[in-house]
Amino acid sequence: MSGLILTHARFQLIETSRTPIAIIGSAIWPAASMLAFVVPYAGDDPHFATYATASMLTFAVMSTNLFQYGVGVADDRVQPWDPYVRTLAAGALPRFAGRLLAGLALMAVALLPVVLISAFLTAATLSPFRFLLAILTTALIAIPFILMGLAIGYSLPPKAAVVVAQVLFLPLAFGGGLMTAPGWAPGFVDTVAPYLPTGGSVRLMWAAVGEYPFSPTAVVSLLTWTIALAGVALWAYRRDEGRRFS
Amino acid sequence: MILARAVDVSRHYGDTVALDHVSLDIAAGEIVGLLGPNGAGKSTLISLLTGVRKPSSGQVELLGADPRRPESRRHLGVTPQETGLPGTLRVGEVVDFVRAHYPDPLPRAELLSRFGISDLVRRQTGGLSGGQKRRVAVALAFAGRPKIVFLDEPTTGLDVEARRALWDGIRQFHAEGGTIVLTSHYLEEIEALARRAVVIGGGRVLVDDTVDAVRGLVAVRRVSLTSAVPLPALDGVTATDREGDRWHLLSPDADQLVRDLVTAGVTFTDLEIRPASLEEAFLRLLEEPCPA
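Read top to bottom, the protein sequences are chains A and B.
Count the first sequence with the UniProt record's numbering and you get residues 1 to 246, in order.
Count the second sequence with the UniProt record's numbering and you get residues 1 to 292, in order.
Below, the structure is given as structure tokens:
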């Protein structure tokens, strides 16, 4: 089984790496936001710069995964290669897990510039222990967004998937408090945020990189989202039969 | 032993009925040709037997189990459509990806040489010609030493030489005990490979017989002629089509039809006789209530 997971992950990685612009594209956007918003406005304050970097990473994790999986999977499903892969002796698990591994690897590439900018161009600092903790947290919070992407990708045609990803993306970012420093968000955002996957994620990230209090509510909410989104993604995958008459 | 089976299977897409109570058994060691006009339900039947889709009602089995379960597909080989190969991957990478799904796959070099594509191993599939893609696609079906193989239009778009080479590969697999289900638009291809032919039309099995018997059923001539006066009723004519003064008649016995026309004193010009296409023959079968 683990062999098949790696097989599917390798397949995804090779395919993506043959169109490097896709990787560069997903790396440019978070890096540009760092340069445009974080470096000039919060760059000199170690406290704010560190939190802002954590928020920006969460934002990048959400957007890359939502689009990479939501749109990527919806696109793959209309290719004639997909019904063929369905005839191979691999169920949902190796295909999902393979995509997951490949996605994490690509995400690491996309996030690297954010971390480098933060380290060299801002006053943000992090102890080695906290740095490791942040890496681990980043991988963990990616899972619900990957599943959200898969749920969209397996239940919608490509054009609809693009729209849904775009519609979800801003409210999730704003409602989760990714646009503001901890405690500075409007009141209703602070109330709603812990119950959104973005809010739960960014709270975990803040707790990983700084003195932000660890919030059990956010963890429970994030876990619930993860399980629910896994359920939807699996349901959509099982229900999916590819194109009609193909 | 039955390797693949459909029992009273129907499949709907919304209001469209693609398969209508179809039953079919494929026994080990058979080569079965699936024939039928486009949209007849061939592809749907194959997608049910290979686990891509679920039947709306009825039951399908592959190697004694539900084809929707991945374990049931460990000894199944299928051809992707040649347009479906992932364009940025190299042939060798695609072959390895497929081989990894089987417990005892053919070694890569052996598979490639068996289908004459060893020199393509480093090429990206997107850059291959149509014929090369087709050969790669067919080779993939055999990568896992399958017990049963489904080949959908395996030689469409191949030149004569490549087609013969592919037929040899299929015959070799059969000689080693393999079971093959193949669809084709060419009766010639079914004749060259299969003993049994199943004709599907309108979502039903119209004929399930030997290839010889099916050839007899579809051996229809198309007789065209120009006549200003309406034609009398003629024996053996199974379909009549009129464009102005031009008449097209389908009949299994063109010679008798022409004699009858002459005897009936019809003044006709521009007589033309040619074999009907498979498509025309199938449409004729569809119009008959129950030919089998």
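Beta carbons: idealized from backbone N, C-alpha and C, even for Gly.
If you're wondering where the values come from, they're calculated on a predicted model, not measured in any experiment.
Cβ-based neighbour list, Glu30/B, same chain, cut-off 7 Å, excluding 5 preceding and 5 following: Thr179, Arg196
Inter-residue Cα distance where the pair is Gly231/A and Arg221/B: 58 Å
Limits of the beta strand (DSSP E) - the one that Ala239/B falls within: In the DSSP assignment, Ala239/B falls within the unbroken beta strand (DSSP E) covering 239–243.
Own chain partners of Val223/B with C-beta closer than 6 Å, once the 5 adjacent residues on each side are dropped: Leu249, Ala254, Leu257, Ile273
Counted within 10 angstroms of its Cβ, other Cβ atoms place Ile148/B as buried (16 or more) or exposed: buried
Coil, strand or helix - Ile28/A by DSSP: helix
Beta bridge counterpart(s) of Tyr13/B as assigned by DSSP: Looking at the DSSP assignment, Tyr13/B forms a beta bridge with Thr16/B.
Close-in-space but distant-in-sequence residues of the same chain around Val114/A (CB under 8 Å, 5 per side omitted): Pro30, Ala31, Met34, Thr53, Met56, Leu57, Ala60
Cα-Cα separation between Pro157/A and Gly72/A, rounded to whole angstroms: Separation of Pro157/A and Gly72/A (C-alpha to C-alpha, rounded to the nearest whole angstrom) is 11 Å.
CB contact below 8 Å: Thr179/B versus chain A: no
Chain A within 8 Å of Ala40/B, Cβ atoms only: no
The alpha helix (DSSP H) enclosing Arg10/A, as first and last residue numbers: 2–17
Ile200/B - DSSP class collapsed to helix/strand/coil: strand
Listed by chain order, chain A residues near Phe97/B by CB distance under 7 Å: Simply Thr7, Phe11.
Chain-ordered neighbours of Val78/B on chain A, where CB pairs are closer than 7 Å: Tyr84, Thr87
Three-state secondary structure assigned by DSSP to Gly33/B: strand
Leu234/B to Arg135/B span [Cα, whole Å]: 48 Å
Alpha-carbon to alpha-carbon, Gln172/B and Leu35/B: 22 Å
Segment limits, alpha helix (DSSP H) that includes Asp190/A: That run of the alpha helix (DSSP H) goes 187–192.
Spatial distance of Pro291/B from Phe282/B (CA atoms): Confidence at Pro291/B is low in this model, with a pLDDT of 42, below 50, so its placement is unreliable and the value that follows should be read with caution. Going from the Cα of Pro291/B to the Cα of Phe282/B covers about 11 Å.
Where Arg73/B meets chain A, residues with beta-carbon distance less than 8 Å: Thr87, Leu88, Ala89
Spatial distance of Arg122/B from Pro40/A (CA atoms): When rounded, the separation of the alpha-carbon atoms in Arg122/B and Pro40/A is 49 Å.
Residue-chain proximity (Gly187/A, chain B), Cβ-Cβ < 8 Å: no
Inter-residue Cα distance where the pair is Trp235/A and Thr122/A: Their Cα atoms are separated by approximately 44 Å.
Selected residue, minimal CA-CA separation from Asn65/A, among Pro144/A, Phe174/A, Ser221/A, Ala233/A: Pro144/A
Supposed contact pair Gly43/A and Ala49/A - C-beta distance, whole angstroms, cut 8 Å: 6 Å
Where Trp247/B falls: helix, strand or coil (DSSP): strand
Any C-beta of chain B under 8 Å from that of Arg244/A: Legend: pLDDT at Arg244/A = 44, less than 50; position of this residue unreliable, value from coordinates given subsequently. It does: the Cβ of Arg244/A has a partner Cβ on chain B nearer than 8 Å.
Continuous alpha helix (DSSP H) stretch holding Pro40/A: start and end: 39–42
Cutoff 8 Å: Pro80/A Cβ touching any chain B Cβ: yes
Contact set between Glu241/A and chain B, taken where Cβ atoms lie within less than 9 Å: Within 9 Å Cβ-Cβ: Ser47, Val52, Arg53, Lys54.
Contact under 8 Å by Cβ, Leu62/B with Gly51/B: Less than 8 Å divides the Cβ of Leu62/B from the Cβ of Gly51/B.
Neighbouring residues, chain B, relative to Ile14/A (Cβ below 7 Å): Using a Cβ-Cβ cut-off of 7 Å, Ile14/A is close to Leu89, Glu93 of chain B, given in chain order.
Cutoff 8 Å: Gly98/A Cβ touching any chain B Cβ: no
Cross-chain neighbours of Gly84/B in chain A, by beta carbon under 7 Å: Gln79, Pro80, Trp81, Tyr84
CB contact check: Leu106/A to chain B, cutoff 8 Å: For Leu106/A, the nearest beta carbon of chain B is not closer than 8 Å to its own beta carbon.
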